[in-house]
Amino acid sequence: MMLLFAGHDIAVAQVEEYNTAFRFVEAGNWDSAKVHIDRFVLSREGEKDAEGWYLRGYVYARLYKKYEISDHYSKYRAEAVNSARKSIGIDPSQKNVAGNRPVFCSLAAGFYNSAVQTLDTANFKTAIDNYNWYKNIVVNCDSSVNTAQKDVDFYLALGTVFQDRLDSCHCDDSLAFVRARDAYMKVLNIDPKNIKANYDLGILYHNHAVHLIMSLTGDEDLSVIIARQDKADKNFKSALPFGEFGLQLPDSYPKKIDYLTLLFEIYRGLSETDKMNKVQQQIDELKKKSGG
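Quick note: to get the working numbering, add 1342 to the position in the sequence shown (first position is 1).
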């Protein structure tokens, strides 16, 4: 009897930790709520209690906003996600999923904001980390979210960050080139006919080829000049399928002339005079149609 009675006392004490945490939540005292809800979920009674883990997720989300809103690797935020996930793992009922939804929505917004704020050449890895967190939990906020389209939007933006770097420095930044290329290719793996990704890849390879040629001073050994020209030719050829993608676009597409101009310049780089002339005719015809 003594063991059973002692066990009962322990269970009552553990439940009281939850009740105390809840009272502190109602009072807006997140720090004190954390102490008691942590004790509860680590107890025998609490470790399998969906409501306890839900409350912990809610408390940690509040602590994130209070102390670490500017910390892109906030431990409070990560713990809030883990707690909410644990809650719905224990009780996957629609009621509990709906109860945890506001926590996921709040945290998803935080991860998205962190991704946007760090989307630059210095912090892009942080942006990717936060975007991946966002993508993984946003469906718990809104199951109708098209994460594939979110990927397209994010990686287009990431590619643009590195392409802008190349455009502004006019330098041979091979890392920026590779990162821009890889970001755009991620887009095409999802959406092979994405107009912007095809165009930007064409521009990326074309501009890299031009830079290789323009950076020659004329003082280099002949072998260096030949090697540089060969590398430029490879980049013009790599640009070609992305430039030719523009031929598929309807004449009504507003920026088709930009696409054809890119294709014209690629053919120029490859010394394809006949093809240059054909593309120029198409450009002239489009300009007439548009009154340009």
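All C-beta atoms, glycine included, are put in the ideal place defined by N, C-alpha and C.
Quick caveat: nothing in here was measured; it's all calculated off a predicted structure.
When 1355, 1392, 1480 are compared, the shortest CA-CA separation from residue 1381 is found for 1355. Between residue 1544 and residue 1608, the beta carbon gap of about 7 Å places them in contact (Cβ cut-off 8 Å).
Around residue 1407, the same chain offers no residue with a beta carbon nearer than 6 Å, after the five sequence neighbours per side are excluded. In the three-state reduction of the DSSP assignment, residue 1595 falls in the coil class, being assigned neither a helical nor a strand state.
Remark: three or more beta-carbon pairs, one from each stretch, lie closer than 8 Å, so the stretch 1397-1405 and the stretch 1418-1425 are flagged as touching. Within its own chain, the residues whose Cβ lies closer than 7 Å to the Cβ of residue 1446, once the five positions on either side in sequence are excluded, are 1426, 1479, 1482, 1483, listed in chain order. Judged by beta-carbon spacing, residue 1599 lies within the 8 Å limit of residue 1625, meaning their Cβ atoms are closer than that value. Non-local C-beta neighbours of residue 1368 in its own chain, meaning closer than 6 Å and more than five positions away in sequence, are absent. The criterion of a C-beta distance shorter than 8 Å is satisfied by residue 1456 and residue 1472.
In the three-state DSSP reduction, residue 1421 falls in the helix class (H, G or I). Inclusion of residue 1548 and residue 1514 in the CB contact set at 8 Å is not warranted, their separation being larger than that value.
By alpha-carbon distance to residue 1462, the top candidate from 1522, 1429, 1431, 1494 is 1522. By the CB criterion at 8 Å, residue 1399 and residue 1422 fall inside the cutoff. Pairing residue 1539 with residue 1530 gives a Cβ-Cβ distance under 8 Å.
DSSP, read as helix, strand or coil, puts residue 1370 in coil. Each residue's CA atom was taken as its position, placing residue 1537 and residue 1506 some 18 Å apart.
Per DSSP, the continuous alpha helix (DSSP H) segment holding residue 1550 begins and ends at 1537-1556. The C-beta distance from residue 1428 to residue 1395 rounds to 4 Å, short enough to fall under 8 Å. Under the three-state reduction of DSSP output, residue 1513 falls in the coil class, being neither helix nor strand.
Taken through DSSP and simplified to helix, strand or coil, residue 1462 comes out as coil. Per DSSP, the unbroken alpha helix (DSSP H) holding residue 1572 starts and ends at 1564-1586.
The three-state reading of DSSP puts residue 1468 in helix, counting H, G and I together.
Nearest Cα to residue 1587 within the set 1573, 1603, 1384: 1603. In this structure, residue 1508 sits away from residue 1466, with a CB-CB distance that is not shorter than 8 Å. Put simply, the backbone Cα of residue 1360 is about 10 Å away from that of residue 1377.
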